[in-house]
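A.B. asks: This structure is in structure tokens; I'll ask about it shortly.
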Amino acid sequence: MTLLFSDPVFRRHDTSRGHPECPERVDAVLEALSKPDFDALQRRTPSPATVDRLASVHERRHVEAVLEAIPMQGHAFLDGDTCVSPDSGNAALRGAGAVCEAVDEVAQGRADTAFCAVRPPGHHATADVAMGFCLFNNAAVAAAHALNAHGMNRVAILDFDVHHGNGTQDIVWSRPGILYISSHQSPLYPGTGSASERGGSDNIVNMPLPPNSGSTEMRDAYDAVGLPAMEAFQPDLILLSAGFDAHRLDPLAGLNWTEDDYAWLTNRVLDLADRLCGGRVVSTLEGGYHLGALGNSVAAHVTALMGASKARDTC
Amino acid sequence: MFEFVSLRVHQYMSAPPVTVAPHMPLAEVEQLIEIHGINGCPVVDSDGRLLGMVTGFDLIKVCEIGPEALVPHYDDIMQRPVHGVMSPVPQTVDSDLPLTRVLQRMIDGRITGFAVVDSDRLVGMITRRDVLRALRESSPGDRSDSRTGSLS
Chain A
1 MTLLFSDPVF
11 RRHDTSRGHP
21 ECPERVDAVL
31 EALSKPDFDA
41 LQRRTPSPAT
51 VDRLASVHER
61 RHVEAVLEAI
71 PMQGHAFLDG
81 DTCVSPDSGN
91 AALRGAGAVC
101 EAVDEVAQGR
111 ADTAFCAVRP
121 PGHHATADVA
131 MGFCLFNNAA
141 VAAAHALNAH
151 GMNRVAILDF
161 DVHHGNGTQD
171 IVWSRPGILY
181 ISSHQSPLYP
191 GTGSASERGG
201 SDNIVNMPLP
211 PNSGSTEMRD
221 AYDAVGLPAM
231 EAFQPDLILL
241 SAGFDAHRLD
251 PLAGLNWTED
261 DYAWLTNRVL
271 DLADRLCGGR
281 VVSTLEGGYH
291 LGALGNSVAA
301 HVTALMGASK
311 ARDTC
Chain B
1001 MFEFVSLRVH
1011 QYMSAPPVTV
1021 APHMPLAEVE
1031 QLIEIHGING
1041 CPVVDSDGRL
1051 LGMVTGFDLI
1061 KVCEIGPEAL
1071 VPHYDDIMQR
1081 PVHGVMSPVP
1091 QTVDSDLPLT
1101 RVLQRMIDGR
1111 ITGFAVVDSD
1121 RLVGMITRRD
1131 VLRALRESSP
1141 GDRSDSRTGS
1151 LS
């Protein structure tokens, strides 16, 4: 069984007119997942994460500073790209809460897989800096939660957003219980993610991809590097930082992935999850800024997440 | 500035574009380039399908001094048909492509403009000038009003 976490507050995180990380992104995702093919999804609304839980990966004063920076009205910019408005704090807390609840459900066997259609995204948020449209690091918070609350020893985060998750890398660097694998375009924002950045205990695997590359290069990288690293780590749970901005139509980057590539990668991850960790996969939305491509790519991704759990239900 | 990333080709392309037929003499192409102040134009068949692209560069190139003559025989050369000098496989984009992608392709290939093709039909042209206009108009210091004024 596959869960879908969403909340009306995710579309109330207003990032100012014309901003690419816009409320319509969740509309595009939910619209794509409203088709009859997705009737079997179990839809849930999350509770907000507590400040204590965020403080397991963020500096507490950073969490408080972000929440204090939320304006009573209008907009405030935390950096040149990262805009917040009155509902942004609630959205960010519920986003992190959604991924933690998804982990609870999957860890306790009440669901096989989950997709969290959250805004704002999280993977650029470091332990003490909100940046690149991100306030709190949803995937890292959920990974720490899986280790702390569910007695897991190893959690893998696989990040296929087109941008490198510098925030996740920063948080994971000296935590040997978390493996961070990222494919991303290089050069591109935020400039980190070279293959030589490997973490405190070889627990970071970066796969930079050249501009204009597509299916062949990404499949080769995952087959040769990313998926074998995942297998060697033997995770108890796999988290996906699911950005869909490597798509060929995305306006913020220059890779040429297609819907089929997202389906291929998701299926490969699920095959591994079946062998390594009882099929436990929790996916959370990061980037993806072409609304049509985002909807179609999420549909391909979630179809694969559901297909795996359907196959398990019947055997 | 954020707005630029949401712009698509169809919002800034020139449509319908100036086109030429494959049998048109080069002299007429040169005249069109001159009159419209364009770099070149798409070559289409009678059904509007894109066959190639002819540019000022192609007209210069065919006048290159070679082994056959001491000087370029301009008048004779300009009577040749377009299809002999056009680039037969022009780079195209579709009208829904983000302008950020067009901008990157222009830089990567040092390309001045793309034919815009939807379902095999030529629907417009998008040039460097169009992309610059989109950048300018989507930025806070929008000066498009004064520019439009001076152009009209």
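Same order as they appear, the protein sequences are chains A and B.
So that you can map any letter, position 190 of the first sequence is 190 in our numbering, and since no number is skipped, the others follow by simple counting.
For our numbering, add 1000 to where a residue sits in the second sequence, where the first one is 1.
From the three backbone atoms N, C-alpha and C, an ideal C-beta is built for every residue, glycine too.
This one's a predicted model, so the numbers in the text were calculated from it and none came from an experiment.
(1) Does DSSP put Gly177 of chain A in a helix, in a strand, or in coil?
(2) Spell out the partners DSSP gives Met1053 of chain B in its beta bridges.
(3) With a 10 Å radius around its C-beta and 16 neighbouring C-beta atoms as the bar for buried, classify Glu286 of chain A as buried or exposed.
(4) Just mark His1036 of chain B as buried or exposed, buried being the case when its beta carbon has 16 or more other beta carbons within 10 Å.
(5) Taking the DSSP output, what are the residues bridged to Asn206 of chain A?
(6) Straight-line CA distance for Lys35 of chain A to Asn267 of chain A?
(7) For the segment 124-173 of chain A, which segments carrying the alpha helix (DSSP H) assignment without a break, of at least 4 residues, lie completely within its bounds, in sequence order?
(8) Kindly indicate if chain B contains any beta-carbon less than 7 Å away from that of Pro20 of chain A.
(9) Check whether the Cβ of Pro1022 of chain B lies closer than 7 Å to any Cβ atom in chain C.
(10) Within the 7 Å Cβ cut-off, does Gly295 of chain A reach chain B?
(11) Could you pull out every unbroken alpha helix (DSSP H) segment of at least 4 residues lying fully inside the segment 10-41 of chain A, listed in chain order?
(12) Could you please give the first and the last residue of the uninterrupted beta strand (DSSP E) stretch that includes Val281 of chain A?
(13) For Tyr262 of chain A and His301 of chain A, which I take to be in contact (beta-carbon distance under 8 Å), what is that distance rounded to the nearest angstrom?
(14) Nearest-angstrom Cα distance between Gly165 of chain A and His123 of chain A?
(15) Looking at the secondary structure, which residues open and close the alpha helix (DSSP H) in which Thr1127 of chain B lies?
(16) Am I right that Val99 of chain A and Ala142 of chain A are in contact with their C-beta atoms under 8 Å? What's the rounded C-beta distance?
(17) Is Gly1066 of chain B buried or exposed, if buried means 16 or more other CB atoms sit within 10 Å of its CB?
(18) I'd like the list of long-range same chain contacts for Pro86 of chain A, defined as Cβ closer than 7 Å, with 5 residues on each side in sequence excluded.
(19) Could you check which residue in A:Thr216, A:Pro190, A:Ile238 and A:Gly89 has the C-alpha nearest to that of Arg12 of chain A?
(20) With a Cβ-Cβ cutoff of 7 Å, do Val1029 of chain B and Val1020 of chain B count as a contact?
(21) Using the Cβ count rule (16 or more neighbours within 10 Å means buried), how would you classify Cys315 of chain A?
(22) Name, please, each residue of chain B whose Cβ falls closer than 9 Å to the Cβ of Tyr289 of chain A.
(23) Between Ala91 of chain A and the rest of its own chain, which residues show a CB-CB distance below 7 Å, the 5 nearest in sequence each way excluded?
(24) Give the single residue among B:Ala1027, B:Gly1048, B:Leu1050 and B:Leu1099 whose Cα lies nearest to the Cα of His1073 of chain B.
(25) Relative to the alpha-carbon of Ile178 of chain A, which residue among A:Arg60, A:Ile157 and A:Leu4 has its alpha-carbon at the smallest distance?
(26) Check His1010 of chain B in the structure and name its three-state DSSP category.
(27) Helix, strand or coil for Gly1002 of chain B, going by three-state DSSP, please let me know.
(28) Asp271 of chain A by DSSP, collapsed to three states: which one?
(29) Please determine, among A:Asp260, A:Arg110 and A:Gly279, the residue with the shortest C-alpha to C-alpha distance to Pro235 of chain A.
(30) What would DSSP say about Thr45 of chain A, mapped onto helix, strand or coil?
(31) Go ahead and label Pro46 of chain A buried or exposed: buried means 16 or more other beta carbons lie within 10 angstroms of its beta carbon, across all protein chains shown.
(32) Beta-carbon of Gln1104 of chain B versus every beta-carbon of chain A: anything under 7 Å?
(33) Indicate whether Val29 of chain A and Ala117 of chain A have their beta-carbon atoms separated by less than 7 Å.
(34) Please state whether DSSP places Asn256 of chain A in a helix, a strand or coil.
(35) Between the segment 227-260 of chain A and chain B, which residues of the former have CB atoms less than 9 Å from a CB of the latter, in chain order?
(36) Would Ser1087 of chain B and Val1123 of chain B qualify as a contact pair, given that the criterion is a beta-carbon distance under 7 Å?
C.D. replies: Let me spell this out:
(1) In the structure shown, Gly177 of chain A sits in coil (DSSP, three-state: anything other than H, G, I, E or B).
(2) Looking at the DSSP assignment, Met1053 of chain B forms a beta bridge with B:Pro1042 and B:Ser1087.
(3) Around the Cβ of Glu286 of chain A, a 10 Å sphere holds 16 or more other Cβ atoms; the residue is buried.
(4) Counting Cβ neighbours within 10 Å, His1036 of chain B comes out exposed, since fewer than 16 surround it.
(5) Answer is A:Ser182, bridged to Asn206 of chain A.
(6) Cα atoms of Lys35 of chain A and Asn267 of chain A: separation of roughly 21 Å, rounded to the nearest angstrom.
(7) For secondary structure counted as the alpha helix (DSSP H) over 4 or more consecutive residues, the segment 124-173 of chain A holds these complete runs in sequence order: 138-149 and 166-172.
(8) Between Pro20 of chain A and chain B, the shortest Cβ-Cβ separation is below 7 Å.
(9) Within the model displayed, chain C is absent; protein chains A and B are what it includes.
(10) No, because no Cβ of chain B sits closer than 7 Å to the Cβ of Gly295 of chain A.
(11) If we require 4 residues or more, the alpha helix (DSSP H) runs fully inside the segment 10-41 of chain A come out as 24-32.
(12) Counting along the chain, Val281 of chain A sits inside the beta strand (DSSP E) bounded by residues Val281 to Leu285.
(13) Their Cβ separation, rounded to whole angstroms, is 5 Å, which keeps Tyr262 of chain A and His301 of chain A in contact under 8 Å.
(14) Rounded to the nearest angstrom, the gap between the Cα atoms of Gly165 of chain A and His123 of chain A is 5 Å.
(15) Judged by DSSP secondary structure, Thr1127 of chain B falls outside any alpha helix (DSSP H) and instead within the beta strand (DSSP E) spanning Arg1121 to Thr1127.
(16) Rounded, the Cβ-Cβ distance is 4 Å, consistent with contact.
(17) Gly1066 of chain B comes out exposed.
(18) For Pro86 of chain A, where only same-chain residues beyond five positions count, the Cβ hits under 7 Å are Ile70, Pro71, Met72 and Gln73.
(19) The candidate whose alpha carbon is nearest that of Arg12 of chain A is A:Gly89.
(20) Yes.
(21) For Cys315 of chain A, the predicted model reports a pLDDT of 47, less than 50, meaning its position is unreliable; a value from the coordinates is still stated below. Per the 10 Å Cβ criterion, exposed.
(22) Against chain B, the beta carbon of Tyr289 of chain A has neighbours under 9 Å at Val1005, Ser1006 and Pro1098, listed in chain order.
(23) Same-chain partners within the cutoff: Val9, Phe10, Arg12, His13, Arg119 and Pro120.
(24) The closest CA to that of His1073 of chain B, considering only B:Ala1027, B:Gly1048, B:Leu1050 and B:Leu1099, is found on B:Ala1027.
(25) For the residues A:Arg60, A:Ile157 and A:Leu4, the minimum Cα distance to Ile178 of chain A belongs to A:Ile157.
(26) Look at His1010 of chain B here: in three-state DSSP terms it is helix.
(27) Note that residue 1002 of chain B is Phe in the sequence shown, not Gly. Note: Phe1002 of chain B maps to helix in three-state DSSP.
(28) Looking at Asp271 of chain A - three-state DSSP - the assignment turns out to be helix.
(29) Among A:Asp260, A:Arg110 and A:Gly279, the Cα nearest to that of Pro235 of chain A belongs to A:Gly279.
(30) DSSP places Thr45 of chain A in coil when its eight states are reduced to three.
(31) By the neighbour-count criterion, in which a residue is buried when 16 or more other Cβ atoms sit within 10 angstroms of its Cβ, Pro46 of chain A is buried.
(32) Judged by the 7 Å Cβ criterion, Gln1104 of chain B is in contact with chain A.
(33) Their beta carbons are under 7 Å apart, which means Val29 of chain A touches Ala117 of chain A by this criterion.
(34) Asn256 of chain A falls in the strand class under three-state DSSP.
(35) Within the segment 227-260 of chain A, the qualifying residues are Arg248, Leu249, Asp250, Pro251, Leu252, Ala253 and Gly254.
(36) Against a cut-off of 7 Å, the Cβ pair of Val1123 of chain B and Ser1087 of chain B comes out as no contact.
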